[in-house]
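One structure is given here, and the rest of the page talks about it.
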Amino acid sequence: MTRFTLPRDLYHGKGALEALKSFEGKRAIICTGGGSMKKFGFLDKAVAYLKEAGFEVELFEGIEPDPSVDTVMRGADAMLKFQPDWIIAMGGGSPIDAAKAMWIKYEYPDITFEEMCKVFGIPSLRKKAKFCAISSTSGTATEVTAFSIITDYNKGIKYPIADFEITPDVAIVDPDLAETMPKKLVAHTGMDAMTHSIEAYVSTAHTDYTDPLALHSIVMIQRDLVDSYNGDMEKRDAMHNAQCLAGMAFSNALLGIVHSMAHKTGAVFADHGAHIIHGAANAMYLPKVIAFNAKEPEAAKRYGHIADYMRLGGNTDEEKVKNLIAYLRKMNDDLNIPHCIKNYGADSYPCDQGFVPEEVFLERLHDIAVNAIGDACTGSNPRKISVEEMEKLLKCCYYDTEVDF
Ligand SMILES: NC(=O)c1ccc[n+]([C@@H]2O[C@H](COP(=O)([O-])OP(=O)(O)OC[C@H]3O[C@@H](n4cnc5c(N)ncnc54)[C@H](O)[C@@H]3O)[C@@H](O)[C@H]2O)c1
Ligand SMILES: [Zn+2]
113 MTRFTLPRDL YHGKGALEAL KSFEGKRAII CTGGGSMKKF GFLDKAVAYL
163 KEAGFEVELF EGIEPDPSVD TVMRGADAML KFQPDWIIAM GGGSPIDAAK
213 AMWIKYEYPD ITFEEMCKVF GIPSLRKKAK FCAISSTSGT ATEVTAFSII
263 TDYNKGIKYP IADFEITPDV AIVDPDLAET MPKKLVAHTG MDAMTHSIEA
313 YVSTAHTDYT DPLALHSIVM IQRDLVDSYN GDMEKRDAMH NAQCLAGMAF
363 SNALLGIVHS MAHKTGAVFA DHGAHIIHGA ANAMYLPKVI AFNAKEPEAA
413 KRYGHIADYM RLGGNTDEEK VKNLIAYLRK MNDDLNIPHC IKNYGADSYP
463 CDQGFVPEEV FLERLHDIAV NAIGDACTGS NPRKISVEEM EKLLKCCYYD
513 TEVDF
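In the numbering used here, the protein residues as written are 113 to 517.
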């Protein structure tokens, strides 16, 4: 038996934020990030709509990008004091993910972070509150997914919490919120979405329910992402839907080792002055992982379907895979994303000498490979991978060298 889970309601289209007016309950806590939602007036609007619906409203603001375990615990304390019956998470993937984890801790105050990270091991939620997610970036699709990514800064590792219990009850996909994104965020979150669709399509857990969502979002992203990056607001709006469809696919089909590697490299070089931003990490690693996975004939066939769907040409699976890799690398160029960690500057743009020194990378390589293999996303990758192969693959992602194994 296979389960396919999505939010009960999804409001989309310009002005969809207004759906908050129809919510029923007593107390709503709005969890949000560092200020973009306030600055652009969306937070005030959300508060006003909820008050119009008769709610007492409290704010939990300032959730940082790549949220920490500490922030989750603080947010849960605020919820325990306020006792909301609705949790409204608003912003990018970071505040929404943090709010999902806070929700678990609010419902089960004694649960530890380690217990939360047991894959598909979360006890039933919704005894105290329901959850609404309102996304302001076009990539993570956390508004419809069963995942939350929390960083343990003591270990320098991102941990995915995965369970359909944390799939939100309501998702609001209002493109007005995405129109204020700066270009770099459009690029990173957009390539995150592309990675979600492609990994979902070739995942060992893909089904007839997830395939159409994955394929359709791939062609939408192919059609709209670069133009959205260059300022076309109609394309920006379409991308907000595309990333959400990608999320519906991967929440139910799971992901693969592009994400395992992104999770385990994102924060591990933070002591050298920066993060490798999630979407940029995916964009750099995706072509390498496709080359690795395509050595498995079934995966090559499915990458071939993707290339056909994108009308990239090619007669054999091998040619189609090559064309797909070339196309994705060209997208990275168009979006000003580097091809490898060596050239990844602290500002995320390509440069000759990136912020991760070679000796530091090599010193940490083995541990990163072990952690990546242990990541929750590795199990559904279409080709099995050993620690030794993972080290080789990570080296290709550092130096931008050919994957020939
Ligand atoms: N839960 C999932 O299924 C899932 C999937 C992929 C990634 N993630 C996680 O999500 C996080 C990344 O989320 P993200 O890429 O959405 O970015 P983010 O939430 O970290 O936000 C990045 C920055 O953009 C700003 N911002 C957000 N929306 C804006 C807007 N509309 N206009 C202007 N500025 C805006 C934020 O204030 C912040 O400074 C990572 O921690 C990643 O691991 C989660
Ligand atoms: Zn992702």
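Glycine residues also receive a C-beta, built at the ideal position from the N, C-alpha and C atoms.
What you are looking at is a predicted structure, and each value in this text was computed from that prediction instead of being measured.
- For the segment 117-180, the full-length beta strand (DSSP E) segments reaching 3 residues or more read 121-124, 139-144, 168-172 along the chain.
- In the assembly as shown, F381 is a buried residue. Its beta-carbon has 16 or more other beta-carbons within 10 Å.
- Contact between L367 and C489 holds, since their C-beta atoms are separated by about 4 Å, short of 8 Å.
- Between the segment 282-299 and the segment 318-335 there are fewer than three inter-stretch CB-CB distances shorter than 8 Å, so the stretches are not counted as touching.
- Counting the other Cβ atoms within 10 Å of the Cβ of A481 gives 16 or more, which makes it buried.
- If you draw a straight line from the Cα of L505 to the Cα of K240, it comes to about 45 Å.
- Taking a C-beta distance under 8 Å as the contact criterion, L129 and D286 qualify as a contact pair.
- In the same chain as E311, and ignoring 5 residues on each side of it, the C-beta atoms closer than 7 Å to its own belong to F362, L367, G368, V370, H371, in chain order.
- Around E408, the same chain offers P494, R495 as residues with beta carbons nearer than 7 Å, after the five sequence neighbours per side are excluded.
- As computed with DSSP, S247 is found in a beta bridge with G203.
- Annotated three-state conformation of D264 is strand, per DSSP.
- Assignment of K347 by DSSP, reduced to helix, strand and coil, places it in the helix class.
- Of the heavy atoms belonging to ligand 2, none sits nearer than 7 Å to the Cβ of T322.
- Going by C-alpha positions, G166 is about 19 Å away from A245.
- Look at Y456 here: in three-state DSSP terms it is strand.
- In this structure the segment 440-447 touches the segment 391-399; the number of beta carbon pairs closer than 8 Å is three or more.
- Taken from the Cβ of T279, every heavy atom of ligand 2 lies 7 Å or farther away.
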